[in-house]
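Asks:
2 protein chains.
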Amino acid sequence: MSRYKITIEYDGTPFHGWQRQDGFDTIQQRLEGAIFPIAQARVTMYGSGRTDAGVHALGQVAHFDLAEDFDCFRLQECMNAHLADVPIAVLSIEKTSGDFDSRFSALERTYLYKILNRRSKPAIDINRAWHIVQNLDENKMHSAAQHLVGNHDFSSFRAAGCQSKSPVKTLNSISIRRCADLIFIEVAARSFLYRQVRNIVGSLCLVGGNRWTEQNLIEAFLSKDRTLAGQTAPPYGLYFVGVKY
Amino acid sequence: MSRYKITIEYDGTPFHGWQRQDGFDTIQQRLEGAIFPIAQARVTMYGSGRTDAGVHALGQVAHFDLAEDFDCFRLQECMNAHLADVPIAVLSIEKTSGDFDSRFSALERTYLYKILNRRSKPAIDINRAWHIVQNLDENKMHSAAQHLVGNHDFSSFRAAGCQSKSPVKTLNSISIRRCADLIFIEVAARSFLYRQVRNIVGSLCLVGGNRWTEQNLIEAFLSKDRTLAGQTAPPYGLYFVGVKY
C-alpha cells in the first residue's frame, strides 16, 4: 500500500464544492473518477479542507492510497487527460509516507479573497471576484484586520454547521492590498472555522466602506456573537491558495 | 451633436471579435445594441482597435456621436444593465470634443499577453492564457525582445490581411516577466500591424524554449519575411490593456 499526495487547481464555479454528494457534481468525485480507469480501484481522496460550492483552489492538497505502485508522473498525466473537459487540473502527485495526512499534517493553510471594487459590473472577473460598488479603503481594512491576528475565540466569524470542537483558532497573518480596482485579502492559519475567511471578509468590508469603525470590528469580534458581525462574503471571491506541511 | 468616449472591458471568449459582422455575435454590435434603447438612435461605435475572436480587453476605447445630450453616468448605468448577461462592462463614458477619434487620436496602445507555463493544463485560466508545457526562459525572451524596440519594418510579424499602408511601426517598449507559472508579455506602441503582438509572442516563445537563439530572432526580424518567423500565438492569451490619448 502506497500513499500519494496530490495538489490540485480548480475553478469552483460549476461544482457543488469539494465533498462527494450523491447526485451532485463535486471535485472530490471528479478526482476519484479520474483515477479509477488508471488504478482500476476505488480510491478515496482525503482533502486538506472542504471548499464550498463556487470556491476556487490554486493549490488544494489531498492524499489517497493505492495498493499497487504507480509512477506519479504517469498518474498525473492520465488524470489530467480524464479531466480534460472540466476546470480541474492536477498540478502534482508525489509518493509520501503512510502517516502523512493532508488534513491533520497541515502546518498552515493560505486563502485569498478577491474583491472587484468599482462601479461597473465585472466582465473578465465574472465568478472570480466579489463585486462591491461602494469605494473601500483598503488601508483601514488592513489596519482593523490586524486585531484578528493571534490566538482568539473566533465565534463571531464561525458559520452554523461548523464541526470544529473549539472556536479558538490562531490566525497567523492577514493582509489587505489594492491593485487598481482589485482588492486582495490574504489570510493564513493552521486551520480555519467553517466560513471563517468569508465571514471575516464580510466584516472587513463594513470597515472599508466606513460603515464600521475599527472599534466596531473589535467589539463584534469580542462579542463572540455571529449575529453581531458582518455578512458572509460570497464564495466565488475565495481561493484556497495552498497548504504548508 | 455630442461626441462621447467610452472605455470597455470584455472577455472575448464568446464573441466573434470586436467588429460588427452579420450573423455573428460581436462586441461592437452588443454595445450598439445596448445604447439603442436609451438613445433611441442607431449609433456606430468606432473602436480604437479591432480585436480578433477570443481576444480580451481591459480598456478598449471607442467613440460615438449622439444628436441629443445625455448624462454620461446614466448612459453607462443603462448600458451595463442591458449588458447584464454578457461579459462586457462599460467602465466609463465621458463627453469629448468633436475632433476626438478613438483610433486616430491614440498616442499609445498597450497589450498584455499571458502564458501559463507549466506541465498541467489550465483550470482557472481556461480561455485566459496560452498553455505552454515546455519550460520557457523569460529572461532570454526579455533580452531578445529588446531588439524589436524602436522604429522598424515589422513585416516578419505582419499577418496576411493587414490593412496598414506601411509595415514600419515604432515599438515603444516590450517587457517579459514571470510570476510563478505565469509569464506576462507587455507591449506598447502607437499602433500595431494586424496580429503583430501575437506574431511577436510566437517567435519569442521559440527563444524562451531554446529552439531559437537571440540571433535567430534578429535574423527572422531582419528578413522581413513572415514565413521565417514563429507561429501566431493563440488569441485567448491576449488582452487589450488600454490607450493613451
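Residue numbers (my numbering), protein chains in the order written: chain W, 3 to 247; chain R, 3 to 247.
All C-beta atoms, glycine included, are put in the ideal place defined by N, C-alpha and C.
Compare the C-beta of I90 (chain R) with all C-beta atoms of chain W and state if any pair is closer than 8 Å.
Replies: yes
Asks: Just to confirm, are I10 (chain R) and A59 (chain R) a CB contact at a threshold of 8 Å?
Replies: yes
Asks: Should I37 (chain W) be flagged as near chain R, meaning a C-beta pair shorter than 8 Å?
Replies: no
Asks: So C207 (chain W) is in the alpha helix (DSSP H); what residue range does that whole segment cover?
Replies: For C207 (chain W), the uninterrupted alpha helix (DSSP H) segment begins and ends at Q198 to G210.
Asks: What does N82 (chain R) touch in chain W if you count any residue whose Cβ is under 7 Å from its own?
Replies: S122 and K123
Asks: Report yes or no: do the region 114-125 of chain W and the region 94-104 of chain W share at least 3 C-beta pairs separated by less than 8 Å?
Replies: no
Asks: For Y12 (chain W), which residues in chain R fall below 9 Å Cβ to Cβ?
Replies: A125 and I126
Asks: From the DSSP output, read off the bridge partner residues of E110 (chain R).
Replies: R:K246
Asks: Is the CB of H58 (chain R) under 8 Å away from at least one CB in chain W?
Replies: yes
Asks: Along chain R, which residues have their Cβ under 9 Å away from the Cβ of L114 (chain W)?
Replies: By Cβ distance, chain R contributes nothing, its closest Cβ being about 12 Å from L114 (chain W), past 9 Å.
Asks: Which chain R residues are close to L93 (chain W), counting only those with a beta carbon under 7 Å from its beta carbon?
Replies: S122
Asks: Apply the 10 Å Cβ neighbour rule to Y241 (chain R) and answer buried if 16 or more other Cβ atoms are within range, or exposed otherwise.
Replies: That one is buried.
Asks: Going by beta carbon distance, what residues of the same chain come within less than 8 Å of R105 (chain W), once the five residues before and after it are set aside?
Replies: Y48, G49, S50 and G51
Asks: Is it buried or exposed for A86 (chain R), if we count other Cβ within 10 angstroms and need 16 for buried?
Replies: exposed
Asks: Quick check on Q148 (chain R): does DSSP put it in helix, strand or coil?
Replies: helix
Asks: Answer yes or no: do I90 (chain R) and Y6 (chain R) have a C-beta to C-beta separation smaller than 8 Å?
Replies: no
Asks: Can you tell me whether C207 (chain W) is buried or exposed, with buried defined as 16 or more other CB within 10 angstroms of its CB?
Replies: buried
Asks: Indicate whether at least one CB of chain C lies closer than 8 Å to the CB of K97 (chain R).
Replies: This model lacks chain C altogether; the protein chains it does include are W and R.
Asks: Could you tell me which uninterrupted beta strand (DSSP E) segments, each at least 3 residues in length, are contained entirely in the region 120-199 of chain R, listed from first to last along the chain?
Replies: 132-134, 152-155, 170-181 and 184-191
Asks: Just grab the DSSP bridge partners of Q62 (chain R) for me.
Replies: R:I10
Asks: Kindly list the residues whose CB is nearer than 7 Å to the CB of V199 (chain R), restricted to its own chain and excluding five residues on each side of it in sequence; keep chain order.
Replies: Closer than 7 Å at the Cβ level, and outside the excluded window around V199 (chain R), lie Y113, Y115, V189 and L240.
Asks: Does the region 141-155 of chain W touch the region 164-175 of chain W, meaning 3 or more C-beta pairs lie closer than 8 Å?
Replies: Contact between the region 164-175 of chain W and the region 141-155 of chain W is present, because at least three Cβ pairs lie under 8 Å.
Asks: Distance check for I8 (chain R) and F75 (chain R), CA to CA, integer angstroms please.
Replies: 11 Å
Asks: Only counting the same chain, and skipping five residues up and downstream in sequence, which positions put a Cβ closer than 7 Å to that of A222 (chain R)?
Replies: S158, S205, L230 and A231
Asks: Can you find the residues in the same chain that come closer than 7 Å, C-beta to C-beta, to D127 (chain W), ignoring five residues on each side of it along the sequence?
Replies: L118
Asks: How about N212 (chain R): is its Cβ closer than 7 Å to a heavy atom in the ligand ZN?
Replies: The ligand content of the structure shown is nil, which means the ligand ZN is not present either.
Asks: Buried or exposed for F194 (chain W), going by 16 or more other Cβ atoms inside 10 Å?
Replies: Only buried fits F194 (chain W), as 16 or more other CB atoms lie within 10 angstroms of its CB.
Asks: What span of residues does the alpha helix (DSSP H) with E79 (chain W) cover, start to end?
Replies: C74 to H84
Asks: Note down, in chain order, each residue of its chain lying with its Cβ closer than 6 Å to the Cβ of S94 (chain R), except the 5 sequence neighbours on either side.
Replies: T9, listed in sequence order.
Asks: So if DSSP puts Y48 (chain R) in a beta bridge, which residue, or which two residues, is it bridged to?
Replies: Within the DSSP secondary-structure output, Y48 (chain R) pairs in a beta bridge with R:H65.
Asks: Note down the Cα distance separating T15 (chain W) from R22 (chain W), rounded to an integer number of angstroms.
Replies: 16 Å
Asks: Indicate the three-state DSSP secondary structure (helix, strand or coil) for T98 (chain W) in the structure shown.
Replies: strand
Asks: The alpha helix (DSSP H) that contains P39 (chain R), what's its start and end?
Replies: For P39 (chain R), the enclosing alpha helix (DSSP H) begins and ends at I29 to A41.
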